[in-house]
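>
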Amino acid sequence: MTDAEWAAVRPLLPVPAWLQGRDGRPEGYCHRQLLDAIRYLVAGGIS
2 MTDAEWAAVR PLLPVPAWLQ GRDGRPEGYC HRQLLDAIRY LVAGGIS
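The sequence shown maps to residues 2 to 48 in the working numbering.
#1: Residue 26 by DSSP, collapsed to three states: which one?
#2: Suppose the cutoff is 7 angstroms on Cβ atoms and the five residues either side in sequence are ignored; what does the same chain contact list for residue 28 look like?
#3: Is it true that the CB of residue 40 sits closer than 7 angstroms to the CB of residue 7?
#4: By DSSP, does residue 14 sit in helix, in strand, or in coil?
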């Protein structure tokens, strides 16, 4: 995912509760890496 694509997608993702001052744990994975993985699977298919 290019930086331009990420800049367009990032505002559409929900803000984690822990960043808003509410309870919760920080995520274990980067949203950008998760989206890259999903795009990889969609583009190549699952064999």
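Each residue gets a CB set at the ideal place from its N, CA and C atoms; glycine is no exception. On a predicted model such as this, the values are computed, not experimentally measured, just so you know.
Taking the definition as stated:
#1: coil
#2: 17
#3: no
#4: coil
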